[in-house]
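Visitor: 85 is the number that the numbering used here gives to position 80 of the sequence shown; each next residue is one higher, with no gaps.
Quick reminder that beta carbons are idealized off the backbone N, C-alpha and C, glycines included.
Since the structure is predicted, the reported quantities are computational estimates derived from the model, not experimental observations.
Okay, handing you the structure first.
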Amino acid sequence: MTLLRFVARLFGWLLTPLVAWAASFLGATAVALVAPDRMGPRAQLIATVAGGGIAAAVGLALWLRLLRRSPKLQETLQVAADATPLVVSEDPQ
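Structure follows, in structure tokens:
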């Protein structure tokens, strides 16, 4: 049970960066697919990087908004409202 709790807490701590990474990947892919061919390669690369960055920022903002508004999600993932991990001392003192 302790191992399962540790894995769940670790997954909760890593979920926020995973959401940002996934959003940036999807945003960059979407921009790369719709970038017109008449743009030069450098402009296409810049547009793809910018699209990924914008998508990551928007995805992260939406994830943090959801996390702030859901105490149940915070409790389940063992994170604070700002997505920082809760440090639980198991010292019996």
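1. Go ahead and pull the three-state DSSP assignment for P3.
2. Using a Cβ distance threshold of 8 Å, determine whether the segment 22-30 contacts the segment 52-71, with at least three qualifying pairs required.
3. Take L69 as the anchor and find which of L9, R47, L20, P46 has the nearest alpha-carbon.
4. So L72 and V84 are in contact, right, with Cβ under 8 Å, and what is the actual spacing, rounded?
5. Roughly how many whole angstroms lie between the Cα atoms of S75 and L9?
6. May I have the straight-line CA-CA distance separating M44 from L23, to the nearest angstrom?
Guide: With the structure as the only source:
1. Lying before the first or after the last residue shown, residue 3 is absent from the chain, which here runs from 6 to 98.
2. Because the criterion of three Cβ pairs below 8 Å is met, the segment 22-30 and the segment 52-71 touch.
3. Counting from 1 along the sequence shown, the entry for residue 69 is found at position 64. Minimum Cα-Cα distance from L69 among the listed residues L9, R47, L20, P46 corresponds to L20.
4. The residue given as residue 72 occupies position 67 in the sequence shown. The residue given as residue 84 occupies position 79 in the sequence shown. About 7 Å; that satisfies the 8 Å criterion.
5. Position 70 of the sequence shown holds residue 75. Position 4 of the sequence shown holds residue 9. Annotation: S75 to L9 spans about 23 Å, alpha carbon to alpha carbon.
6. If you number the sequence shown from 1, residue 44 lands on position 39. If you number the sequence shown from 1, residue 23 lands on position 18. In a straight line, the C-alpha of M44 is about 31 Å away from that of L23.
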